[in-house]
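Enquirer:
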Amino acid sequence: MKPKTLELLEAMDGRMLFNDDQKRYVWNLQCGYRGECEFVQLMESVRSQHILLRDLYFEPKFSGQIQIDFLLLVGNTVIIYEVKNYSGMWQHSEEMYRQSGMERANPLIQLARTKNNFKALLRELGYPQANVDAVVFHVGSTFTLLGAPENRNVILPTQIQDHLTKLNHYQYAVSDTLVDLAVALEGVALPAPPFLKMIPKYQFESMKKGLRCCKCRCFVVRSSQRLYRCQACGHKGHCGDAVRTALADYRLLFPERLLSGAILAEWCGGLLSASQCRRILQRS
1412 MKPKTLELLE
1422 AMDGRMLFND
1432 DQKRYVWNLQ
1442 CGYRGECEFV
1452 QLMESVRSQH
1462 ILLRDLYFEP
1472 KFSGQIQIDF
1482 LLLVGNTVII
1492 YEVKNYSGMW
1502 QHSEEMYRQS
1512 GMERANPLIQ
1522 LARTKNNFKA
1532 LLRELGYPQA
1542 NVDAVVFHVG
1552 STFTLLGAPE
1562 NRNVILPTQI
1572 QDHLTKLNHY
1582 QYAVSDTLVD
1592 LAVALEGVAL
1602 PAPPFLKMIP
1612 KYQFESMKKG
1622 LRCCKCRCFV
1632 VRSSQRLYRC
1642 QACGHKGHCG
1652 DAVRTALADY
1662 RLLFPERLLS
1672 GAILAEWCGG
1682 LLSASQCRRI
1692 LQRS
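Sequential numbering of the sequence shown, starting at 1412, is according to the working numbering.
(1) When you compare each of Glu1667, Cys1688, Leu1663, Lys1413 to Ala1673 by their alpha carbons, which one comes out closest?
(2) If distances are taken between C-alpha atoms only, which option among Val1550, Thr1588, Asp1480 comes closest to Tyr1492?
(3) Should Ala1541 and Leu1533 be called a contact, given that it needs their Cβ atoms to be closer than 8 Å?
(4) Suppose you measure from the CA of Arg1458 to the CA of Asn1579; what does that come to, to the nearest Å?
(5) Which runs of the alpha helix (DSSP H) at least 4 residues long sit entirely within the region 1608-1694? Give them in chain order.
(6) At the level of alpha carbons, what is the spacing between Gly1475 and Pro1666?
(7) Could you tell me which residues DSSP puts in a beta bridge with Trp1438?
(8) Since Met1507 sits in a beta bridge, which residues does DSSP pair it with?
(9) How do the region 1621-1634 and the region 1582-1601 stand: do at least 3 beta-carbon pairs fall below 8 Å, yes or no?
(10) Smallest Cα separation from Gln1452: which of Pro1518, Ser1684, Val1550, Leu1519?
(11) According to DSSP, Glu1493 sits in a beta bridge with which residue or residues?
(12) Are Ile1490 and Asp1573 touching if we call contact CB-CB under 8 Å?
(13) Around the C-beta of Val1485, are 16 or more other C-beta atoms found within 10 angstroms, so that it is buried, or is it exposed?
(14) Among Asn1439, Gly1558, Phe1548, Leu1607, which residue has its Cα nearest to the Cα of Thr1569?
(15) Considering just the uninterrupted stretch of the alpha helix (DSSP H) at Gln1572, what are its terminal residues?
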């Protein structure tokens, strides 16, 4: 599932101007999301019986907030995965990863905090004896971490296949206790709130209006009654699909605002009439 923060920013992008920090933040979120999608594909090769939960957010009573990319329950073990999709050469230190003037906190620091808080949550739920492991999983094929000591809690791109092979060595089913735990965790998981600090203020009146390409999300022109043409990527698509995308963006950005055929027509830049938009609303 795409993070709500990313959905909001992608709906805004192009309809309003982002500064360099905001553009970089959107790019990082998109890169992270692509990495999570790649992780899901990799996990499809795991043949051992397992349960894979994703995008978990908890607010325990007795510890800090917990946000987990993926949680794998296999055999009698629970594995927390923090997925990273970095590229290029980075220099390792205990506190930071560094690359050409950029610094990012060593993900093992946050992972240790997440693991401790998660174990506290398990105690709350009545599973204090659960065997919990935690791994930083680097999916970026070009990622290299210079000077990194060997660490079983860090999976580098060259170690992915070995890690998947180890997972496939689990020959027994997920324990009944962990099956019950998975149900309990899904029961107390909450929707992750959007990171409002990085979402700029916006208003309908000041946003750019128009239809956007379903492929590259650039603004498009109509080439016929039913079709549009994207001058940026050359894609030709159905106007109805572009309107439904615009409608989804509008509802995401303005969930409490009035919506009518005339308003949707304005949001689409007048490329469709109010009556056409009204019919689309009636079918949606």
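Positions of the beta carbon are idealized from the N, C-alpha and C atoms, including for glycine.
Expert: From the atom records:
(1) Cys1688
(2) Asp1480
(3) yes
(4) 6 Å
(5) 1650-1664, 1672-1678, 1685-1694
(6) 30 Å
(7) Trp1438 is not bridged to any residue.
(8) Ala1516
(9) no
(10) Val1550
(11) Val1547
(12) no
(13) buried
(14) Phe1548
(15) 1571-1578
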